[in-house]
Structure formats: C-alpha cells, structure tokens
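*Asks:*
Numbering (UniProt numbering), first residue to last: 1 to 647.
1) Could you tell me which residues DSSP pairs with residue 429 in its beta bridges?
2) In the DSSP output, which residue or residues are listed as bridge partners for residue 406?
3) Have a look at residue 218 and residue 225 and give me their C-alpha separation to the nearest angstrom.
4) Taking the DSSP output, what are the residues bridged to residue 304?
5) Quick check: what's the CA-CA separation for residue 43 versus residue 643?
6) What do you get for residue 194, buried or exposed, if any count of 16 or more other CB atoms within 10 angstroms of its CB means buried?
7) Check whether the region 148 to 158 and the region 228 to 237 are in contact - that is, three or more C-beta pairs closer than 8 Å.
8) Just how far apart, CA to CA, sit residue 447 and residue 337?
9) If you follow the alpha helix (DSSP H) that residue 217 is part of, which residue opens it and which one closes it?
10) Which two residues bound the contiguous alpha helix (DSSP H) that contains residue 175?
11) Does the beta-carbon of residue 416 have 16 or more other beta-carbons within 10 angstroms, so that it is buried, or is it exposed?
12) Looking at the secondary structure, which residues open and close the alpha helix (DSSP H) in which residue 271 lies?
13) Taking a contact to mean a Cβ-Cβ separation below 8 Å, would you say residue 31 touches residue 121 in this structure?
14) By alpha-carbon positions, which one of 310, 334, 172 and 222 ends up nearest to residue 277?
15) Where does residue 21 sit, in a helix, a strand or coil, going by DSSP?
16) For the beta strand (DSSP E) holding residue 95, just list the boundary residues, first then last.
17) Does residue 87 get closer than 8 Å to chain D when you measure Cβ to Cβ?
18) Just the C-alpha distance for residue 437 and residue 544, rounded to the nearest angstrom, thanks.
19) What three-state label does DSSP hand residue 141 in the structure shown?
20) Check whether the Cβ atoms of residue 328 and residue 249 lie closer than 8 Å to each other.
21) Kindly list the residues whose CB is nearer than 6 Å to the CB of residue 223, restricted to its own chain and excluding five residues on each side of it in sequence; keep chain order.
22) Report yes or no: do the region 514 to 530 and the region 455 to 474 share at least 3 C-beta pairs separated by less than 8 Å?
23) Which same chain residues, not among the five before or five after residue 581, have their C-beta less than 7 Å away from its C-beta?
24) For the beta strand (DSSP E) that contains residue 66, what are its first and last residues?
25) For residue 632 versus residue 432, is the C-beta distance shorter than 8 Å?
26) Between which two residues does the beta strand (DSSP E) holding residue 163 run?
27) Under a three-way DSSP split, which group does residue 32 fall into?
28) DSSP puts residue 87 in a beta bridge; with which residues?
29) Looking only at DSSP bridge pairs, what is residue 249 linked to?
30) Using alpha carbons as the reference points, say which of 393, 403 and 645 lies closest to residue 300.
31) For residue 324, does the count of other Cβ atoms within 10 angstroms reach 16, so buried, or fall short, so exposed?
32) Span of the beta strand (DSSP E) holding residue 387?
33) On the premise that residue 12 lies in contact with residue 96, defined as a C-beta separation below 8 Å, what is that separation, rounded to the nearest angstrom?
34) Please state if the CB of residue 311 and the CB of residue 540 are separated by a distance shorter than 8 Å.
35) Assuming residue 452 is part of the alpha helix (DSSP H), what are its boundary residues?
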C-alpha cells in the first residue's frame, strides 16, 4: 500500500510540474502579444498551453490580462484601457490519472504571471567633479561636514575613491530592504520608508563589502575607508530621517531587471547629505576663507533636494512629461549667504572723495535742504551763529550680504522612439542653472541675516547698504576778523569743541545706497540621444551616454551683474526714513554726480568681484551645482516584443 501511495504521489508531482511549465510558457506567450490586444494575448496563450500539454489531463487554460504593479499582485479589470495592461496571468488546472481507482482524486492548479517587456528609460544627472585633489578634499570636508553640522577629515584619496565607485542599485535596494525588515523585491516600500542618513550610508558600506560595487579594488577600498570615517564622525546631520525615493525616482511597475543598474557612491552621499540638510532647522556655517576679504561668513542651505536618477517607461512619461509618471532629474537648489565685513573698502573710497566731489554733492543737497558746508561759511560778525552743516560718512556700517540662490539644472524625458530597433532615440529637454543674485543688507548682523534668509525658501527681503550717509551736525561759530571759534552741539544739549562728541543726524541730506535683486537668466536646450552611432544610446544597466550643456555665459552674466551694480541717490528726509535712512530714490544728474557714482562703483567692485570666484567655481561645484555645465546621462531599452516571468 505504501508503494502504491508513492506511485500516486509521483503522478501528482509529474503533473504539477507539467502544469506549471505550461502555465509559465502560456503567460510568456500571451505577454509577448499583449501589445496587440488582450484578446490576442488570450488566444495566443491558450494555444500555447494546449500545444505544450498535449493530451495530458487538464481543463481549458484560463488567460487573463491585468496590470502588474511591481509587487506580487496583478489588478485585473476587464474594462481597463489597453495602455494600462502590461501583464498576463495563466491558470492551468486538471485532475491527474490515479494509479488505483479507490485513491482519492486531487485537483492540481498552476499559475504564472508574465509582463510584457516595456520600453525602459533612465536619466542620471551628475556632478562635474572628475577627480579630487587635496585642495578640493579640504573644501569637501568643509562643505559636507558643514551640511552635517560638524567637521570631517576625509583624505582626498577617500573622496576620489567615492567619486570613482559605483553601487549596484538592485543589490543596494535589496540590502536596504533586509536592514529595514521589509520584503526583498518590495522596492516601492523601500523607497518610501523614512530612514536615517547614517543607515543609508551604513548599508552602502555593507553592499560594497559584499561585492555590490564596481570601480576597481583601490577605489572600493578607499570608498570603504571614506564611508567608515564619515559614519565614525557621528555628526548630528546623520540623524534626520529621509526617503531614498526623494533622490531616486523609480516609476511604479518598473521590472526588477530595470533596477540592475549603477548608482555613483559620491553622488549618493552628496544627494542624501543635501536632503538631510534640507530637513534640518539650522543651515551649514562653512569655514571658507576668501582671499582679500576680512570677516567673511559663509552659510549654505539646501532649499530643494536633488533627484539623481529616474527610471521608468518612456511611453507613460511622454503622455505627461512632468506628470506623475515623469522621468525627471535635477540637481539641488542651494541658497548661499555670504556676510562680509569690508573695513578695507573705506580705505579705498575715502581718498576718492576729495573736496571737489564732496563739495559738488554738498551743493546738490544744499539746493534741496538749504544746508551749507562748514568750509564755505563766511561769518565775520562777533555774534554766535548756529547752523546745520553737512556731515558725510562713508560706509557707516561696512557690512553687506551677498545671497545667491542657484540650481544646477534639470532634465526630463519628453519623447522616445523604438520603432526601428536597434535604431532608437530619447528626447530630453535640459535646463541649465537658474540663479538669483541679491546684494544688500538682509539683517542687522550676520547672524540676524542668516536667520531671516534661511527662515523659508521664499526670496529674502533685501535693504540697501548705505554707502554714503549725508547727515548733519549743529555747529555754533563766533568769528571776528576771520578768526572763528567753533563748537558742536552734543546730544545732552551742551556744546563742545570736539566734533566727535557732537550729535549727528544721520541721512538728513539723503544718501547713496547699494542694492541688487536680479535674476540671472537660465538657458535651455533639447538633447536627443540616438543609436546609431554604435553604442550611442546604451540599454538600461549599461554605462549611460552623457551629454553636457555648457553655459559659461551664466557665470559671466553673474560676474558681470555684480560688476555692473548701480549706486542710487536717495532723497533727503529729516531724521531718516524707517530707521534705514534710505527712502525714495532721487535720480540726480550731472557730470560730478555721475563721476561720484562711477568712482564708488569701481571701488566697491574691486572688493566684491573676487567673492564670485570661490563662490561659483568652488563652493557650488562641491555641492553638485555647477553653473557652468549640466551633465545628463541617458539609457534606453526597447521592448523588442519580449516578456519577463515575474511570478
């Protein structure tokens, strides 16, 4: 009896295996023809099952069309649009023959799900940092450490290793799923789960140690050392929770095979650190030295995090290129604030304000207020005479704020072609850096300016920096035969021969202020990636084809904008306006006034101009926001009428 039972078990095992094999093949056959119609897919799948089962006992195969959501379930809807159908489920059942008639019959059922191989596109946007030298390594430590709320001491070699090391995205997501206690393969949940930056980078190190990286042994070893040092620094910025899905956009329904691609480790660190900084309350205070400038305070905050990579079906993306199914990448939008003390600027300007220039300005103001310079008073009578006289101060508060909001670029898929594979193309509109420059006073102190500028992502309020304060002092003179005795009114009402002790009424005669709040025009173009030429547009999973949009005019425009700042005269007002002393603008004309404006602008720009070099060429580059160039990589895999078994 035992032997007979074993024989029946063998029948069951044989038919179960045959049913499953037939279901797998039927689902694959149906999925390959799903692009024609669901009816065609069902007919094709059933015919395939009947052919493979031959005369074996089985019921009529059941083929259903549905939508695979990237997990373990298929939603079946007989009224679904053809565009929403991407999967076929085959169900085969039957009752195998029995060895003995009195043995109970068993119904066996086998199911399989296959998805039609959809076209798959990937975009990546990357930093233009190709190698890291010691100087760049020091700056990276300052920038990344500052964004994390502390300091770092990674070697330039460690940073360079990170730049040249890639992680396998599929291995990384699987390792992260295990770490978070999620199902391996449930990538939507992995991307949507909030996790600390420290965990993200720790799992990256684990994936590298388990062979999930590429780039050469030396680079991988350097990267592991860099990750260990980064994690060992125990900085506060490692704690905020972030979502990996904010950095990597994977379209719902993307097959697992589409995730078998690379992710640059340096960009993962750069992007996740920026994302963590965006969620922090405090901005990074960076210890960056600017040559020739005393007291520079540099702060940075990420106001829009980057999206480094996007994968999805370009057919769905082109229906609404910036909609829910978009394939879209961007670099971070970074807000930078430099608060600068400029005591040396006073020394540059004061010698330029000679008696001729000051006297000419004073004459203009005198026409408005009936004031006089002390030097032109010609009192001869021995009677005490009191008058308000003009008193001009240069840069009464020699501090200004320079704010730049900059985003390196963005790109998205708008169209594709797989009609004549292997000829194929991917159309990618690409936008270069858009920036806004603001110069002026944004707070009473550097700390106050930082509080106000980084309070939100809204544009900060900019007040003009007083360059010339045309104020007055009360003077009393007694003159006899050209000999004068001069005293000055103090705040307490007394008189003193020491002018420095006298009461000064700021901005009574108006003033000259400096302010800029200017957009720097962005540029855009449409890149078309094609194949041929051979290898011009690799498949997803291969090294991408990169194209760059060079926009040197952006940097030149930024620099020229600062060098072209205009000074403005402000109208006189007794006691000043709103406490700032700079009210409505009065556009004064005349050769002397124009000479003064030109002279002051030249002197100020001699100090402000050098600020742009470290800011644009160094700081933003380390943040992955290169105003000169945007580099976008593209991959495209066409369907080719294939199918993939997913369950």
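Cβ atoms here follow ideal geometry from the backbone N, Cα and C, with glycine treated the same way.
*Replies:* The short version:
1) Your numbering for residue 429 matches position 429 in the chain shown. According to DSSP, which records beta bridges pairwise, residue 429 is partnered with 526.
2) Here residue 406 corresponds to residue number 406 of the chain shown, with the count starting at 1. 334 and 435, per the DSSP bridge assignment.
3) As a position in the chain shown, residue 218 is number 218, starting the count at 1. As a position in the chain shown, residue 225 is number 225, starting the count at 1. Rounded to the nearest angstrom, the two C-alpha atoms are 11 Å apart.
4) The sequence position of residue 304 within the chain shown is 304, counting from 1. In the DSSP output, where bridge partners are listed per residue, residue 304 has 333.
5) Along the chain shown, read from residue 1 onward, the residue named residue 43 stands at position 43. Along the chain shown, read from residue 1 onward, the residue named residue 643 stands at position 643. If I take the Cα positions, the gap works out to 16 Å.
6) Here residue 194 is taken as the residue at index 194 of the chain shown, counted from 1. Result: exposed.
7) yes
8) Counting from one through the chain shown, the residue named residue 447 turns up at place 447. Counting from one through the chain shown, the residue named residue 337 turns up at place 337. Near 11 Å, if we compare the C-alpha coordinates of residue 337 and residue 447.
9) Translated into the one-based positions of the chain shown, residue 217 becomes position 217. Residue 217 -> alpha helix (DSSP H) spans 217 to 232.
10) Taking the chain shown and counting its residues from 1, one reaches residue 175 at position 175. Element bounds for residue 175: 169 to 180.
11) As a working note, residue 416 is residue 416 in the chain shown. So residue 416 ends up on the buried side.
12) Here residue 271 is taken as the residue at index 271 of the chain shown, counted from 1. From DSSP, the alpha helix (DSSP H) with residue 271 extends over 265 to 278.
13) Taking the chain shown and counting its residues from 1, the one referred to as residue 31 is at position 31. Taking the chain shown and counting its residues from 1, the one referred to as residue 121 is at position 121. No. Outside cutoff.
14) For the purposes of this step, residue 277 is taken as the residue at position 277 of the chain shown. Ranking the options by Cα distance to residue 277, first place goes to 334.
15) On the chain shown, residue 21 is found 21 positions in, with the first residue counted as 1. The answer is helix: DSSP assigns residue 21 an H, G or I state.
16) To locate residue 95, count along the chain shown from 1; it is residue 95. Counting along the chain, residue 95 falls outside any beta strand (DSSP E), and DSSP gives it neither H nor E.
17) Judged by its chain identifiers, the structure shown contains no chain D, having just a single protein chain.
18) One-based indexing of the chain shown puts residue 437 at position 437. One-based indexing of the chain shown puts residue 544 at position 544. Roughly 34 Å separates the two Cα atoms.
19) The residue labelled residue 141 in the question sits at position 141 within the chain shown. Reduced to three states, the DSSP call for residue 141 is helix.
20) For the purposes of this step, residue 328 is taken as residue 328 along the chain shown, with counting starting at 1. For the purposes of this step, residue 249 is taken as residue 249 along the chain shown, with counting starting at 1. Yes, Cβ-Cβ distance for residue 328 and residue 249 is below 8 Å.
21) Numbered from 1 along the chain shown, position 223 holds the residue referred to as residue 223. The residues are 161, 162, 165 and 265.
22) yes
23) In the chain shown, counting from the first residue as 1, residue 581 sits at position 581. Caution is warranted here: a pLDDT of 46 is assigned to residue 581, below 50, making its placement in the model unreliable, and no coordinate value can be reported.
24) Walking along the chain shown from the start, residue 66 turns up at place 66. First-last of the beta strand (DSSP E) with residue 66: 62 to 68.
25) Translated into positions along the chain shown, residue 632 becomes position 632. Translated into positions along the chain shown, residue 432 becomes position 432. Not closer than 8 Å, so no.
26) As a working mapping, residue 163 is identified with position 163 in the chain shown. Per DSSP, residue 163 belongs to no beta strand (DSSP E); it is in the alpha helix (DSSP H), 156 to 163.
27) Taking the chain shown and counting its residues from 1, the one referred to as residue 32 is at position 32. Looking at residue 32 - three-state DSSP - the assignment turns out to be helix.
28) Indexing the chain shown from 1 puts residue 87 at position 87. Per DSSP, 66 and 115.
29) Position 249 of the chain shown, counted from the start, is the residue given in the question as residue 249. Bridge partners of residue 249: 310.
30) Along the chain shown, read from residue 1 onward, the residue named residue 300 stands at position 300. Measuring from the Cα of residue 300, the nearest candidate turns out to be 403.
31) For the purposes of this step, residue 324 is taken as residue 324 along the chain shown, with counting starting at 1. Looking at its Cβ environment, which holds fewer than 16 other Cβ atoms inside 10 Å, residue 324 is exposed.
32) One-based indexing of the chain shown puts residue 387 at position 387. Segment 385 to 394, the beta strand (DSSP E) holding residue 387.
33) Walking along the chain shown from the start, residue 96 turns up at place 96. Walking along the chain shown from the start, residue 12 turns up at place 12. Going by Cβ atoms, the distance from residue 96 to residue 12 rounds to 6 Å, so yes, they are a contact pair.
34) By one-based count along the chain shown, residue 540 stands at place 540. By one-based count along the chain shown, residue 311 stands at place 311. It is a contact, given that the beta carbons lie within the stated cut-off.
35) Here residue 452 refers to the residue found at position 452 when the chain shown is read from its first residue. Taken as a continuous stretch (DSSP letters only), the alpha helix (DSSP H) holding residue 452 covers 446 to 453.
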